[in-house]
Amino acid sequence: MTPIYLDNAATTQIREEVADKMALILKSTYGNPSSTHSIGRVSKSTLEQCRRRIASHFNAKASEIIFTSGGTEADNLVLRSAVCDLGVKHIISSKIEHHAVSHTIEALANSSKVRVSYVKVLKDGSVCMQHLEELLSQSAEKTLVTLMHINNEIGTILDVEYVANLCKKHNALFHSDTVQSVGHYPLDLSKIPIDFLAASAHKFHGPKGIGFAFVRSGFGLQPIITGGAQERGCRAGTESIHDIVGMDASLEIAYKNIVSEKNFILSLKTYFIDRLKQEIPGIEFNGCSDDFSKSTYTLVNVCLPVAQEKAPLFLFQLDLKGIACSKGSACQSGSTTGSHVLNEVLSEENLKKPSIRFSFSCFNTTKEIDTVVHTLKALVLESA
Ligand SMILES: Cc1ncc(COP(=O)(O)O)c(C=O)c1O
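The opening residue of the sequence shown carries number 4 in this note's numbering; numbering runs sequentially from there.
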């Protein structure tokens with residue numbers, strides 16, 4: 004049985020050419036980029052080339068890219084330093100952020116003098132812009148807004164340009180967790196006044212354990228990991244050259260192929276939704292994940308018409324049949340509480356039914372979609 008991988012919002016399969024390039028670098032470019040001898044300088048030059056190329060995809064400056072161990076660290080760096088070093092006293096966020104953001108701001112609120120306000124989330128999973136503007140206009144303290152670009156569970160897209168301009172109007176800083184959008188959506192940071200963003204290579208067919216923060220010039224963020232003076236003093240620790248090369252290579256391919264891969268993945272999502280509607284009457288789409296204008300092309304989150312007592316075994320049964328997908332978000336698998344995102348957007352009744360996130364990549368096929376629809380339909384019928 005060949006497994007069917009529909010959990011690409013949790014992580015993606017590394018591209019073969021990226022893994023090959025990394026293996027070469029791992030063997031050849033072993034110098035410490037902080038060393039002044041020629042072997043170290045080769046690593047330093049490779050590192051800085053990657054930084055320049057990564058920055059160029061966003062029309063940003065190389066000096067605005069800080070390499071981190073991934074999205075979680077990039078979010079932590081920005082949020083913690085904004086409070087500790089930039090004097091932020093008020094954070095505006097939402098209840099549907101990834102835990103990398105929500106748990107960090109909760110910890111900051113418990114340990115420092117920052118207060119947190121939550122903007123209303125509508126039933127379609129979008130942020131209420133009117134409420135955001137109210138919160139901003141009532142905020143007298145130094146304020147930072149942190150709202151994710153693409154929700155990792157229900158796929159809702161935030162209009163980051165609108166929010167960034169709103170923040171400018173109200174003199175607030177804006178951080179966006181763009182972990183689910185970098186490599187999938189273009190972001191021109193010379194036009195969109197976002198101050199900070201977070202990205203992670205394993206979400207765009209790169210290696211795990213590497214990512215970056217974009218920090219717009221002029222903000223003196225201080226490190227949360229202290230030690231050496233790497234990353235212009237913003238993040239200590241010897242840089243992982245092969246991972247950074249892998250991230251650069253995977254981002255390069257992602258943006259080179261963005262139109263063709265987006266069209267292909269969108270056609271898979273459209274086909275999946277059409278077939279699900281035909282084959283499973285009563286199926287519902289969480290948030291607005293079946294609305295192509297409001298939700299990312301990369302995922303769909305469904306609520307199945309299955310009795311409450313049959314719900315817990317659903318994912319397990321799909322796994323037994325070789326289908327990898329996710330309940331809510333993979334970062335919380337093993338947790339006994341339900342998804343904090345679905346808790347915000349679903350009715351009491353639908354929270355009792357199984358909800359499953361299917362997330363796609365360019366490596367999926369229509370045949371796989373057919374198999375998943377067939378299997379889901381059989382499981383729903385068995386559970387009726
Ligand atoms: C929206 C979002 N933010 C942050 C993260 C964390 O990124 P990383 O796994 O690189 O730490 C994830 C990963 O699931 C994510 O989906």
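The beta-carbon is built from N, C-alpha and C at its ideal position, and this holds for glycine as well.
Measure the Cβ-Cβ separation of residue i and residue j and say whether it is below 8 Å.
i	j	result
V305	E287	yes
G209	L254	yes
A65	R54	yes
A103	T149	no
I244	I7	no
S129	T159	yes
V81	A216	yes
V182	A202	yes
S362	D10	yes
E156	V344	yes
A257	F207	yes
L138	I95	yes
D180	G212	no
L176	V117	no
L307	V383	yes
A58	E51	no
H178	L147	yes
Let me know if residue i comes out buried or exposed under the rule of 16 or more other beta-carbons within 10 Å of its beta-carbon.
i	result
A63	buried
T368	exposed
D88	exposed
T301	buried
Y33	exposed
R235	exposed
H40	exposed
F319	exposed
K272	buried
V218	buried
G73	buried
S336	Its pLDDT being 45, under 50, S336 is placed unreliably by the model, and nothing is read from it.
F70	buried
A204	buried
M151	buried
T5	exposed
T49	buried
T339	Caution applies to T339, whose pLDDT of 45 falls short of 50 and renders its modelled position unreliable; the model cannot decide the point.
R44	exposed
S220	exposed
P357	buried
T241	exposed
S332	Caution is warranted here: a pLDDT of 48 is assigned to S332, below 50, making its placement in the model unreliable, and no coordinate value can be reported.
D373	exposed
G285	exposed
P36	buried
Taking 7 Å as the cut-off, is the CB of residue i close to at least one heavy atom of ligand 1?
i	result
A387	no
V182	yes
N155	yes
S203	yes
G214	yes
T75	yes
H101	yes
M151	yes
D78	yes
Counting only beta-carbon atoms, is residue i nearer than 8 Å to chain B?
i	result
T301	Structure shown: chain B not included; a single protein chain is present.
field: 4-residue-minimum alpha helix (DSSP H) runs that sit fully inside the region 267-337, ordered along the chain
entry: DSSP runs (the alpha helix (DSSP H)) wholly in the region 267-337: 317-323.
- request: For the region 48-91, list the alpha helix (DSSP H) runs that are entirely contained and at least 4 residues long, ordered along the chain.
  value: Taken in chain order, the unbroken stretches of alpha helix (DSSP H) that lie wholly in the region 48-91 and span 4 residues or more are 74-87.
field: Ranges of the beta strand (DSSP E) found wholly within the region 138-223, counting only runs of at least 3
entry: As far as the region 138-223 is concerned, its whole beta strand (DSSP E) runs of at least 3 residues are 146-149, 176-180, 199-203, 214-218.
task: Report the residue ranges of all beta strand (DSSP E) runs contained in full by the region 97-129; include only those spanning at least 3 residues, in chain order.
output: Those beta strand (DSSP E) runs which fall completely within the region 97-129 and span 3+ residues are 118-121.
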